[in-house]
Structures are given as structure tokens and as C-alpha cells.
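For reference, the structure discussed in these notes is given below.
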Amino acid sequence: MSNGTNFNLEERTFLFAQSVRSYCKKVTHNVINIQDIKQVVRSSGSVSANYIEANESLSKADFIYRIKVCRKEAKETKLWLNLIDIEDKKDLEPSKSLLVSEANQLMLIFNAIIKKSQ
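Just so we're aligned, residue 6 is where the sequence shown starts under my numbering, counting upward by one.
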């Protein structure tokens, strides 16, 4: 299922997961945030990992399934980013907005890939 944009999207999803981790290091680690941070780190990494798996898929059905998982994980990442409390660090709001926007853009990209692949 390879095409010329695979590497760029692989890199983009990797950089997204990496950026989420950098953001999480700056967030206040209180009792509630710790749980949400764990979840957002997992889901953002899963976007990247599942995209790699999609590129290595054995069938068209497997490819579509993996891309759907990517879309789901991007949506979940958006949820966790919005749940992390940054009331005490308002300066993180622009970073959060960029990450939420990137999660949304990735969802739209994966949605377009699914529509084209079916």
C-alpha cells in the first residue's frame, strides 16, 4: 500500500508524538494530570505506530483497518489534550492549541485516506 507520501506522514506522526511528549513534560504533574498524561502519551504514540503498521500491511483490508485505528487514536489524543489541566500554566495554551489542531488535521488526513482506499 505504499505511495510517495508515506515517509512524510510517518515523519509527521512521529513528530506529533514527540511534540506531545515535550508538551507533557511542561504540564503540572498533579494527581489528575498524571493519568491524562499517560493516556495522551500512549494514544499519540499509537497514531505513529499504527501508521507504520499500515504501511507494512499485508492486504488492503489490513491497511484500511490500521488507518482507521490511526484516526481513532488521533481523536482520542485530542480528548486527552483537552482534559489535561493547564489552568496554572496559561503560557502552554498556544502549544496545546497547536497539538489539538495537529490531531484534528491528522484525523482529516486519515479520513481522506480511508475514503480513497475503499
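For each residue, glycine too, the CB sits at the ideal point set by N, CA and C.
Fair warning: this is a prediction, and the values are worked out from it, not measured in the lab.
- Within the same chain, and ignoring the five residues on either side of S53 in sequence, the residues whose Cβ sits closer than 6 Å to its Cβ are T18, F19, A22.
- Within the same chain, I69 come within 7 Å of Q123 by CB-CB distance, once the 5 residues on both sides are set aside.
- Contact holds between the segment 90-107 and the segment 32-46, because three or more Cβ pairs, one in each stretch, are under 8 Å apart.
- Note on geometry: alpha-carbon atoms of R76 and I114 lie some 8 Å from one another.
- If you look at T82, you'll find it in the alpha helix (DSSP H) that goes 65-88.
- In this structure, S106 and E78 do not form a Cβ contact; the two beta carbons are roughly 16 Å apart against a cut-off of 8 Å.
- The three-state secondary structure of T18, taken from DSSP, is helix.
- By the beta-carbon neighbour count (other beta carbons within 10 angstroms, threshold 16), K65 is exposed.
- DSSP, read as helix, strand or coil, puts K94 in coil.
- Scanning its chain for C-beta atoms nearer than 6 Å, with the 5 sequence neighbours on each side dropped, one finds around I42 the residues C29, in chain order.
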